[in-house]
Amino acid sequence: MKPTDDLTESTDDADSGTVRTDGGTGSRSGGTGGVDETLFTQTSNVPDPTVREKVERAFERRVYAPAAILLNDWRGLVGSVILVGFVLMGTVGVYVVPEPTVMEGPIFVPPFTDWAYPLGTGVMGESLFKQVVHATPAMLQMITAGALLSVVLGTGIGTVAGYRGGRTDKTLMTLTDTVLTIPGLVLIIVLATIYQPENPFVVGLILGIDNWPRLARTIRSQVLSIREEAFTEASRIMGLSDFHILRRDVISNLMPYISVNFANSARRIIFESVALYFLGILPQSQLNWGVMMDDAYTGANLTNPNQIHWLLVPMALIVLISLGFILLAQGLDRVFNVKLRARHEGSANGGGDAS
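If you use our numbering, the sequence shown corresponds to residues 2 to 356, in order.
Here is the structure:
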């Protein structure tokens, strides 16, 4: 009978395929192990990345793209070259260049006239180039300790206060305002007079005490606006931890500002340390640029053009390293740009031009 045949044919069609909500059909046994594969059970055919592919992607994201952006920006390139030069001088240079000795050459040799003493000599015939090389490690240690302390404290306190709010915000901001009311220079002079620190790391930590409150205040105001953004709210809705949100959503968006403040903190540490050594407030038991300037001030006739180079050499180094920090901070502003990093990652994969 015709109706029965039609019913049988419909049943066969139902056995061979099922009608999906989008109008298509799906095999009832298309899945593995006889499991029905529908629109909601289909899996991707893309294989999982291998270990090598993961390493390559991590290298492109964390090394290649930032380096390419930094090298393509003249400010970042020049700043990096300057700072790398100072780091090499303070680490490798002390083993290559011998320590300065008294009367190793004529007194007050002008710079760039005798390549045995490229930066000239002082009143005791000591090579200024050798003094500069062996004074650099102490400066780098003070800069690292002081700038890291101020940036870490300022960023941590400002971020937590702005994100958490409530009593946490009030407590941390009360502490910050209390430190702000203390005269920073007076506090540093008192601490330096009491403890007489000779270790450059300790000197840097003392100098960094009064540098973090302003940064904490500014970071807090930035976090107050970032925590209301859509991407931060989406992370909270997804149930991500506060630590994850602070690290991936908040601090990552503050990195350009943090890098600029690191450069500013480093400059302040340089100026303050040199000033305190020049004034004789800090013990001059270890050679650094401030000690060199103090020796030049007391041992040379600065009105004599043939002797003033003793003072100008460490001053030029201070200007040069400060310029390096400023240029590098401006270059890092581009490095932390997400769109630029993605473009250079695509260039590494052959997916586009990174110019």
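Using N, Cα and C, we set each Cβ at its ideal position, and we do this for glycine too. These numbers were taken from a predicted model, which means no experiment stands behind them.
Indicate the three-state DSSP secondary structure (helix, strand or coil) for R168 in the structure shown. helix
Between S286, N262, V320, P107, which has its C-alpha nearest L150's C-alpha? N262
Using 8 Å as the Cβ pair cut-off and three pairs as the minimum, do the region 68-83 and the region 328-337 touch? yes
Would DSSP call S242 helix, strand or coil? coil
Buried or exposed for E54, going by 16 or more other Cβ atoms inside 10 Å? exposed
Please identify the residue among V292, P111, S81, L216 whose C-alpha is closest to the C-alpha of G155. L216
Note down, in chain order, each residue of its chain lying with its Cβ closer than 8 Å to the Cβ of D14, except the 5 sequence neighbours on either side. Residue placement at D14 is poorly supported in this model, since its pLDDT is 47, which falls under 50; the coordinates are not used for a value here.
What residue from M256, N212, T92, S222 has the CA that sits closest to P138's CA? T92
Excluding the 5 residues preceding and the 5 following V204 in the sequence, name in chain order all residues of the same chain whose CB lies nearer than 7 Å to its CB. M143, P198, S274, L283
In whole angstroms, what separates the C-alpha of N302 from that of S260? 41 Å
Quick one: any contact between the region 156-168 and the region 209-224, if contact means 3 or more CB pairs under 8 Å? yes
Which residue marks the beginning of the alpha helix (DSSP H) containing A206, and which one marks its end? Reading off the sequence shown, one finds Leu at residue 206, where the question assumed Ala. Looking at the DSSP string, the run of the alpha helix (DSSP H) that includes L206 is 201-208.
CA-to-CA distance, A136 to I246, given in whole angstroms: 42 Å
Close beta carbons around L192, own chain, < 7 Å, minus the five adjacent residues each side: I207
Please classify S286: does DSSP put it in a helix, a strand, or coil? coil
Between A297 and the rest of its own chain, which residues show a CB-CB distance below 6 Å, the 5 nearest in sequence each way excluded? W311, L312
I'd like to confirm the pairing. Which residues does DSSP put opposite S1 in its beta bridges? Since the first residue shown for the chain is 2 and the last is 356, residue 1 is missing from the structure and cannot be characterised.
Which residues in the same chain as L84 place their Cβ atom closer than 8 Å to its Cβ, once the five residues preceding and following it in sequence are excluded? I322, G325, F326, L329
Excluding five sequence neighbours on each side, which residues of the same chain lie with their C-beta closer than 7 Å to the C-beta of P111? G121, N307, H310
Which residue comes first and which comes last in the alpha helix (DSSP H) that contains P315? 310-336
What does the Cβ neighbour count give for L141, buried or exposed, with the cut at 16 atoms within 10 Å? buried
Mind checking A148: buried by the 16 CB within 10 Å criterion, or exposed? buried
Rounded to whole angstroms, what's the CA-CA distance from T179 to T172? Just pull it up for me. 11 Å
Specify the secondary structure class of T102 as computed by DSSP and reduced to three states. coil
Does the count of Cβ pairs from the region 249-256 and the region 276-292 closer than 8 Å reach three? no
Cβ atoms of G163 and V134: under 7 Å apart, would you say? no
Let me confirm a value: V336 is counted as buried when at least 16 other C-beta atoms fall within 10 Å, else exposed. Which label applies? buried
With DSSP as the reference, please indicate the residues paired to T122 in a beta bridge. S128
Residues in the same chain with beta-carbon distance under 7 Å from I270, minus the five sequence neighbours each way, listed in chain order, please. M143, I144, G147, A148, G205, L208, G209
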